[in-house]
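All the letters of the sequence shown, read from the start, carry residue numbers 1 to 262 under the working numbering.
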Amino acid sequence: MRSIVRSLLFAFAGIGMTASQAQVAVGVRGGVNWAKFAAEAGSFEGSGTRLGPTGAIIIGVTLSERFSLVPEIGFIQRGFKQDTPGGALRTGFGYDANGNYSYGYFYSPGPTYLDHHLVLDYMDLAALAKFQLGHAPARPHLLAGVTAGWMTGARQYEAGQEGHKYDGQVLDPKALDMNRFNLGLCGGAGFTFTIGSSHLFLEGRYLYGLTNVWNGVVVRDINGGLVGTLNGYDRSIQCTAGWMIPLGKRVVADGAKAAPTQ
Numbered sequence: 001m002r003s004i005v006r007s008l009l010f011a012f013a014g015i016g017m018t019a020s021q022a023q024v025a026v027g028v029r030g031g032v033n034w035a036k037f038a039a040e041a042g043s044f045e046g047s048g049t050r051l052g053p054t055g056a057i058i059i060g061v062t063l064s065e066r067f068s069l070v071p072e073i074g075f076i077q078r079g080f081k082q083d084t085p086g087g088a089l090r091t092g093f094g095y096d097a098n099g100n101y102s103y104g105y106f107y108s109p110g111p112t113y114l115d116h117h118l119v120l121d122y123m124d125l126a127a128l129a130k131f132q133l134g135h136a137p138a139r140p141h142l143l144a145g146v147t148a149g150w151m152t153g154a155r156q157y158e159a160g161q162e163g164h165k166y167d168g169q170v171l172d173p174k175a176l177d178m179n180r181f182n183l184g185l186c187g188g189a190g191f192t193f194t195i196g197s198s199h200l201f202l203e204g205r206y207l208y209g210l211t212n213v214w215n216g217v218v219v220r221d222i223n224g225g226l227v228g229t230l231n232g233y234d235r236s237i238q239c240t241a242g243w244m245i246p247l248g249k250r251v252v253a254d255g256a257k258a259a260p261t262q
């Protein structure tokens, strides 16, 4: 893990040195993230998606008319939602008060639980390559690269009827043997709109997690029976909008000569 983080830091340093001789822009982006987990068969039932926020501070380093590097630092909310069949059937998923991960459903005369939510907050670094297509003022673009995240918080709760939340619990990732580091791949596409010297962009991204969120956590059903070893990998789809402001000299789209920014 340390070697991966070190490689990313070297990549950011290389981008910084490249930026001294290239057109640089800074900006922000924000939007929503639909997150779920992928897991090996037998770990737990296929999870559903849950909606959460995402946002980042971004730097655009333009190296040519069509190619740029885009380092980012931002926030993303990962996790999943586990549906229950409804009625008086309540979920038995998630961590109990003793830190054990349970699996299954049980009947109860208590509140009707519709689903179980696991919410994971991350700070992410991203090193992306951006490929511009077409011509200004509206240019399609493609994105590809890697992300490295650190889990800053974890919690779970049950959602009931009419949006009520029950049994909210803040989780300790270290005590529960959760893997706080997350390495992933990122790919996406969008449109960049030129507005004066600035740029508005809209894009969608797909995040493919390579790191198991759990470190060999044993899963048991509500009767204490062994189910298997818990595993889960992030699979997220993002929709975001952002704004970029160039620094220094201005680069006019489609190969025109650069002129100093006033």
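C-beta atoms are modelled at their ideal positions from N, C-alpha and C, and glycine is treated no differently.
Note that the coordinates shown come from a computational prediction; the quantities given were computed from them, not determined experimentally.
- Residue range Ala138 to Gly160 is occupied by the beta strand (DSSP E) that includes His141.
- Assigned with DSSP and collapsed to three states, Arg205 falls in strand.
- Here the C-alpha atom of Gly52 lies approximately 23 Å from the C-alpha atom of Met244.
- Judged by DSSP in its simplified three-state form, Lys81 adopts strand.
- The count of Cβ pairs closer than 8 Å, one atom from the stretch 164-174 and one from the stretch 195-208, stays below three, leaving the stretches out of contact.
- Taken through DSSP and simplified to helix, strand or coil, Gly74 comes out as strand.
- For Gly149 against Tyr122, the beta-carbon gap comes to about 4 Å, under 8 Å, which counts as contact.
- For the options Arg50, Arg180 and Glu203, the alpha carbon positioned closest to that of Leu210 is the one of Arg180.
- The shortest CA-to-CA distance from Ile73 to any of Asp172, Arg139, Lys81 and Val146 is the one to Val146.
- Only residues of its own chain outside the window of five on either side were considered, and among them Val24 have a CB closer than 6 Å to the CB of Leu247, listed in chain order.
- Secondary structure note for Val217: it is in no beta strand (DSSP E), with a DSSP letter that is neither H nor E.
- Sequence-distant Cβ neighbours of Ser236 in its own chain, meaning closer than 7 Å and more than five residues away, are Asn33, Trp34, Ala35, Arg78 and Leu207.
- Within the same chain, Arg66, Arg139, Pro140, His141 and Leu142 come within 8 Å of Leu133 by CB-CB distance, once the 5 residues on both sides are set aside.
- Excluding the 5 residues flanking it on each side, Gly153 has same chain C-beta neighbours closer than 7 Å at Asp121, in chain order.
- Of the candidates Asp83, Asp115, Phe131 and Phe80, the residue whose Cα lies closest to the Cα of Thr62 is Phe131.
- Look at Ala39 here: in three-state DSSP terms it is coil, with no helix or strand label.
- Cβ-Cβ distances below 6 Å link Glu40 to Asn231 in the same chain, with the five nearest sequence neighbours on each side left out; the list follows chain order.
- Non-local C-beta neighbours of Ile59 in its own chain, meaning closer than 6 Å and more than five positions away in sequence, comprise Val26 and Pro71, ordered along the chain.
- Straight across, the Cα-Cα distance linking Leu69 with Ala241 is about 18 Å.
- Secondary structure of Lys130 (DSSP, three-state): strand.
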